[in-house]
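Engineer: Sharing a structure here in structure tokens format.
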Amino acid sequence: MAYGEKPQTHFIDTSNASAARMYDWLLGGTENYEVDRVACSELLKIAPSTQQLARSNRDFLRRVVRNLAAEKHIAQFLDHGSGLPTQDNVHEVAQRVHPGARVAYVDNDPMVLAHARTSLDDNTDTMVVDCDMRHTQDIRQATDGFLDWSQPIAALFVSVLHCLPDTDDEHDPAAVVRAVADQLVPGSYMVICQLVSDDPSVRDGVTQLMADATHGNWGRVREPHEVRRYFDSLEIESPPGLVDVIDWRPDSVPPPKHLRPTDWVEWGGVGRVPG
1141 MAYGEKPQTH FIDTSNASAA RMYDWLLGGT ENYEVDRVAC SELLKIAPST
1191 QQLARSNRDF LRRVVRNLAA EKHIAQFLDH GSGLPTQDNV HEVAQRVHPG
1241 ARVAYVDNDP MVLAHARTSL DDNTDTMVVD CDMRHTQDIR QATDGFLDWS
1291 QPIAALFVSV LHCLPDTDDE HDPAAVVRAV ADQLVPGSYM VICQLVSDDP
1341 SVRDGVTQLM ADATHGNWGR VREPHEVRRY FDSLEIESPP GLVDVIDWRP
1391 DSVPPPKHLR PTDWVEWGGV GRVPG
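In structure tokens, the structure reads:
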């Protein structure tokens, strides 16, 4: 059972789409429903490169975790909005480098939690926290003792901040990122990326579609300069800096510009907590 979860309190809503289940479908998974597939079909009409972006983003997640584990010697990861299990999850990548690496997954999607109960129970170096990623103090309390907060941690916000709406309080995406960074010791890392577009019709169209499809469980497609704000007070790892994630230390030559998506991209990078 995920930390904080109460038996039989989670109802899997199949009448509205779920961002986690849509992402699963885009990656070729089977843990999704007709409502999710219909929403994905409509999404692809607005942003045809969406499936390509989902796969590029998953490749980025593998590369960045491997890089942090192997080159920065990070052995603790806090994955916000972890989503449904797929191949090469964070703990699998990290534990290939450090067999005892610890990974705490944070999510509150009922289907994600259901799969976590069965797929991670036999791995004592993983835990799942049933929590809204915006409740940073609750997450800190839940992971205290599992993660050693006196040592460096890599906090991951990979393709999840577009699920959070803008607010004027501590639940604003930028405020959430700052709150987590403030909890981390110097030498920790923040991995942050989200969907961005320079095209207002894509930003507005996707935002409205996802808000309708998920019954309000969505935030906003943003612009690169807005994502850059998330890295305020962090030392951005450069090269490559903040980029389309396909260009973040790729394993092979990335496609040339004329073969890239023109509708939207996953944009961000890695920041180090200074000190």
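Going by the numbering used here, the sequence shown opens with residue 1141, and the numbers climb by one from there. For every residue, glycine included, the Cβ atom is placed at its ideal position computed from N, Cα and C.
(1) Hey, Val-1346 and Ile-1332 are a contact pair by Cβ (cut 8 Å); roughly how many whole angstroms apart?
(2) What do you get for Val-1252, buried or exposed, if any count of 16 or more other CB atoms within 10 angstroms of its CB means buried?
(3) Quick one: what's Arg-1362 bridged to in DSSP?
(4) Looking at Trp-1213: is its Cβ nearer than 7 Å to the Cβ of Thr-1266?
(5) In chain order, what residues of the same chain lie with their CB nearer than 7 Å to the CB of Leu-1324, ignoring the 5 residues before and after it?
(6) Consult DSSP for Val-1385 and reduce its assignment to one of helix, strand or coil.
(7) Can at least three beta-carbon pairs, one atom from the stretch 1350-1362 and one from the stretch 1295-1307, be found at a separation below 8 Å?
(8) Which of the three DSSP states is assigned to Phe-1286 in this structure?
(9) Locate the beta strand (DSSP E) running through Arg-1242, then write down its first and last residues.
(10) Classify Val-1405 as helix, strand or coil using the three-state DSSP reduction.
(11) Below 8 Å on the Cβ atoms is my guess for Ala-1209 versus Ala-1241; work out the distance and round it to an integer in Å.
(12) I need the DSSP call for Gly-1411, collapsed to helix, strand or coil.
(13) Going by beta carbon distance, what residues of the same chain come within less than 8 Å of Gly-1381, once the five residues before and after it are set aside?
(14) Please name the residue or residues paired with Tyr-1329 in a DSSP beta bridge.
(15) Quick one: what's Phe-1371 bridged to in DSSP?
(16) Do you know whose CA, among Arg-1362, Asn-1197, Trp-1388, lies nearest Val-1336's CA?
(17) Which residue from Val-1175, Tyr-1163, Asp-1272, Cys-1180 puts its Cα closest to that of Asp-1153?
(18) Could you tell me which residues DSSP puts in a beta bridge with Thr-1266?
(19) From the DSSP output, in three-state form, read off Gly-1345 for me.
(20) Thinking just about the alpha-carbon of each residue, which of Arg-1257, Pro-1239, His-1238 is nearest to the one in Asp-1247?
(21) For the alpha helix (DSSP H) containing Gln-1227, list its first residue and its last residue.
(22) Which class does Asp-1219 belong to by DSSP, given the choice of helix, strand or coil?
(23) Using the C-alpha atoms, what's the distance from Gln-1281 back to Ala-1194?
(24) Quickly, what does DSSP pair Ile-1214 with across the bridge? List them, please.
(25) Please report the straight-line C-alpha distance between Ser-1155 and Cys-1271, rounded to a whole angstrom.
(26) Tell me whether Val-1405 is buried or exposed, calling it buried when 16 or more other Cβ atoms sit within 10 Å of its Cβ.
Structural biologist: Well, looking at it:
(1) Actually they do not touch by this definition, with Cβ atoms about 19 Å apart.
(2) buried
(3) Val-1336
(4) Here the sequence assigns His to residue 1213, which means Trp is not the residue at that position. Result no, Cβ atoms of His-1213 and Thr-1266 do not sit closer than 7 Å.
(5) Ile-1293, Ala-1295, Val-1413
(6) helix
(7) yes
(8) coil
(9) 1242-1247
(10) strand
(11) 6 Å
(12) strand
(13) Gly-1409
(14) Ala-1294, Arg-1412
(15) Phe-1371 pairs with nothing; no bridge assigned.
(16) Arg-1362
(17) Val-1175
(18) Val-1243
(19) helix
(20) Arg-1257
(21) Where Gln-1227 is concerned, there is no enclosing alpha helix (DSSP H), given that its DSSP letter is neither H nor E.
(22) strand
(23) 31 Å
(24) Its beta-bridge partners do not exist; DSSP assigns none.
(25) 22 Å
(26) buried
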